[in-house]
Amino acid sequence: MQDGKNLILAIFLCLVVIVGWSYLAEYMGWVQKPDPAVVAQQQAQQQSRQQEGQEAVAPQEAAAQAPLPAFVPAAGRDMTVRTPLYEAVIHTGGGILRSFRLMEFRSGLEAEAPLVDMVTPQAAAVAPLGLVINGQPSWSTGQWTAEGAPDNLAVAQGQEGALRLAGEVDGLRVTRELTFSAGTYLIREKIRIANTSSQARSMRIGYTVAADGSNASGGNYDAMRVAWDNDGSLEDESSPKTLETTGVQASGKIHWGGAMSTYFLAAVLPGDPAGVTVKGRMRQNVYRAALEEPEVLLVPGQEREVTVAYWIGPKTRDGLEAVSPELARSIDLGMFQIIAKGLLWLLKFFYGYVHNWGVAIILLTIVIKVLFWPLTAKSYASMEQMKKLQPHMLAIREKHKDNKELMNKEIMALYKTYGVNPASGCVPILIQMPVFFGLYQALLTAIELRHAHFVSQLPGTDLLWLADLSAKDPYYITPIIMGVTMFVQQKMSPPATDPMQQKIMMFLPLIFTVLFLGFPSGLVLYWLVNNILSIVQQRIMIRKAASPAVGKQ
18 MQDGKNLILA IFLCLVVIVG WSYLAEYMGW VQKPDPAVVA QQQAQQQSRQ
68 QEGQEAVAPQ EAAAQAPLPA FVPAAGRDMT VRTPLYEAVI HTGGGILRSF
118 RLMEFRSGLE AEAPLVDMVT PQAAAVAPLG LVINGQPSWS TGQWTAEGAP
168 DNLAVAQGQE GALRLAGEVD GLRVTRELTF SAGTYLIREK IRIANTSSQA
218 RSMRIGYTVA ADGSNASGGN YDAMRVAWDN DGSLEDESSP KTLETTGVQA
268 SGKIHWGGAM STYFLAAVLP GDPAGVTVKG RMRQNVYRAA LEEPEVLLVP
318 GQEREVTVAY WIGPKTRDGL EAVSPELARS IDLGMFQIIA KGLLWLLKFF
368 YGYVHNWGVA IILLTIVIKV LFWPLTAKSY ASMEQMKKLQ PHMLAIREKH
418 KDNKELMNKE IMALYKTYGV NPASGCVPIL IQMPVFFGLY QALLTAIELR
468 HAHFVSQLPG TDLLWLADLS AKDPYYITPI IMGVTMFVQQ KMSPPATDPM
518 QQKIMMFLPL IFTVLFLGFP SGLVLYWLVN NILSIVQQRI MIRKAASPAV
568 GKQ
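Structure below.
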């Protein structure tokens with residue numbers, strides 16, 4: 018039983034590590050800084066490419082293409098792109114976003130609450146979806162025209178629509194072709210850049226995205242951050258202090274980079290991730306990310322085509338996985354992601370029948386409890402064996418309280434005499450830990466739980482209660498009940514033999530209650546139901562152990 022108490026302490030410490038790590042990282046302002054050696058090497062390679070290109074200008078000038086037709090700029094205007102999933106306002110003077118409203122997500126629980134706008138006026142001020150050409154903001158330094166673009170573009174279900182912009186930026190002819198699809202939040206783009214001058218020109222292209230910090234509810238469980246995937250590894254920075262002062266920068270094989278919260282993402286996906294640099298900043302609660310491709314050289318008349326894509330919208334697992342496995346990693350399921358994915362599938366399966374995410378969580382908890390019932394029963398049986406040995410253990414501890422080595426030796430001999438394995442009660446519970454941590458991460462990141470209700474109103478009142486399973490219980494009712502169930506479980510278990518452990522165990526329900534006060538109510542609901550089922554199972558095992566049939570065995 019004493020080992021069982023130690024296991025509970027271990028579980029508590031694991032929870033403290035999970036919850037406390039992000040707080041510690043934010044407080045310390047840890048940030049990944051670029052390696053000076055890598056930066057120096059990239060600069061040297063860039064200078065080498067420029068020298069080689071300048072030497073090659075003369076031979077290639079003869080093969081230059083025919084000059085492009087004269088460019089006639091036009092005044093920029095706002096045009097609206099409507100799909101079943103979003104409504105975007107784009108300024109034709111460079112293709113920057115003015116707003117990006119999600120048609121299926123609202124900012125609050127009320128039916129009349131505004132739609133989530135990924136690009137608020139504050140975010141629009143930093144020109145998301147804008148191109149940076151050779152360090153120049155194309156939307157403000159270039160001249161643009163919309164080629165045959167209507168005032169509004171409506172994309173019906175199952176269809177696609179395109180917007181074509183042409184411009185001149187820093188002496189280069191630029192063409193942007195943006196493709197919008199009705200069934201996805203992914204925006205695809207083809208960019209063609211031509212050198213219309215009589216001399217070789219270097220060309221370095223960058224892409225920008227931005228999101229307002231209001232897209233996150235705040236707190237540790239839904240914080241805004243700059244994130245990116247570097248060669249299959251998800252990295253991020255959420256410290257406002259770091260992002261506002263030094264910012265972040267990383268280079269390598271960048272599959273995507275952007276600004277995201279727990280539930281929403283605005284990201285750039287370069288066509289070729291090799292050698293891309295990602296930079297992130299935060300100003301006035303607006304999170305901005307820019308991706309920059311390696312520099313290339315264009316001889317006179319030469320044209321280069323590149324592809325890029327943008328994801329602006331919710332972090333829906335199926336939608337992200339349809340784009341790329343790297344983008345799907347923006348939903349961090351932790352080290353037990355295989356288990357987490359399976360549990361999410363089962364959760365959605367139950368929801369398909371009951372149409373209530375709270376009830377689905379309860380059904381999922383019951384299934385997990387049933388599957389692990391034999392292991393838990395074995396753990397309880399071991400605890401009962403340890404309980405019977407407690408008088409003997411107390412006598413040994415009292416007899417050899419001044420000789421720890423001899424005391425431990427006699428206790429191990431006692432275990433051997435009665436055929437008791439002190440670890441047998443812990444191992445079954447340890448096997449369940451990956452499932453718990455997988456479910457913890459799954460419920461924490463599932464956008465399906467955002468604004469999903471269980472019991473919308475407090476019974477007997479018109480007060481909103483568990484109307485959003487991704488938010489904490491506003492009246493702390495479920496965490497308090499959960500603490501009571503932990504206290505009941507503790508009273509049903511034999512006390513620890515060590516006085517210090519007895520004191521710790523006495524305060525453990527209170528510590529857990531305080532810890533769970535800020536947890537999303539969906540997680541608290543799982544833990545509460547699990548505790549209730551554990552009490553029922555423990556009661557059954559106690560009665561079974563006390564029955565005459567078991568005693569004769």
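Numbering-wise (this note's numbering), the sequence shown opens with residue 18 and increments by one. No residue lacks a Cβ here, since even glycine has one placed at the ideal position from N, Cα and C.
| Check | Outcome |
| --- | --- |
| Those residues which DSSP pairs with Pro138 across a bridge | Paired residues: none, contrary to the question. |
| Beta carbon of Leu251 nearer than 9 Å to that of Arg346 | yes |
| Close beta carbons around Ser473, own chain, < 6 Å, minus the five adjacent residues each side | Ala484 |
| Span separating the alpha-carbon of Asp229 from that of Val303 | 5 Å |
| For His468, the first and last residue of its enclosing beta strand (DSSP E) | Note, His468: premise wrong, no beta strand (DSSP E); not H, not E. |
| Limits of the alpha helix (DSSP H) - the one that Ser396 falls within | Trp390 to Lys416 |
| Residues that Ala306 bridges to, as DSSP identifies them | Val226 and Gly297 |
| Opening and closing residue of the beta strand (DSSP E) in which Lys207 lies | Leu203 to Asn212 |
| Alpha-carbon spacing of Lys405 relative to Glu415, whole angstroms | 17 Å |
| Every unbroken beta strand (DSSP E) inside the segment 94-124 [3 residues or more] | 95-99, 103-108 and 113-123 |
| Simplified DSSP state of Met220, which is helix, strand or coil | strand |
| Inter-stretch contact (C-beta, 8 Å, three-pair minimum) for the segment 481-495 and the segment 533-549 | yes |
| Candidates Met499, His468 and Leu550: closest to Glu127 by CA position | His468 |
| Residues of its chain near Pro476, where Cβ-Cβ distance is below 7 Å and the 5 sequence neighbours each way are ignored | none |
| Residue interval of the beta strand (DSSP E) (run including Ala345) | No beta strand (DSSP E) contains Ala345, which is instead part of the alpha helix (DSSP H) from Pro342 to Ala345. |
| Cβ neighbour criterion (16 or more within 10 Å) applied to Pro102 | In the sequence under discussion, the amino acid at residue 102 is Leu, which differs from the Pro named in the question. It counts as buried. |
| Thr225 and Glu185 closer than 9 Å at C-beta | no |
| Closest by C-alpha distance to Ile528, when choosing among Asp248, Gly275, Met499 and Phe366 | Met499 |
| Proximity of Glu320 and Arg218 at Cβ, strictly below 9 Å | no |
| Exposure label - Lys569; buried when at least 16 CB within 10 Å | Because the pLDDT of Lys569 is 45, which lies under 50, any placement of that residue in the model is unreliable, and the number read from its coordinates should be weighed accordingly. Classification of Lys569: exposed, given that the 10 Å Cβ count is below 16. |
| Beta-bridge partners of Ser175, as assigned by DSSP | The amino acid occupying residue 175 in the given sequence is Gly; Ser does not appear at that position. Paired residues: none, contrary to the question. |
| N- and C-terminal bounds of the beta strand (DSSP E) containing Leu350 | Neither: Leu350 is in no beta strand (DSSP E) and is coded neither H nor E. |
| Residue of Leu542, Leu337, Lys332 and His470 minimising C-alpha distance to Ala463 | Lys332 |
| Boundaries (first-last residue) of the alpha helix (DSSP H) holding Gln506 | Ile494 to Met509 |
| Bridge partner(s) assigned by DSSP for Trp328 | Leu203 and Ala284 |
| Which residues DSSP lists as bridging Arg181, in chain order | Glu194 |
| Delimiting residues of the alpha helix (DSSP H) encompassing Ser231 | Ser231 -> no alpha helix (DSSP H), and no H or E assigned at all. |
| Close Cβ partners of Ile549 (< 7 Å) along its chain, the five nearest in sequence each way excluded | Thr502 |
| Secondary structure of Asp253, DSSP reduced to three states | strand |
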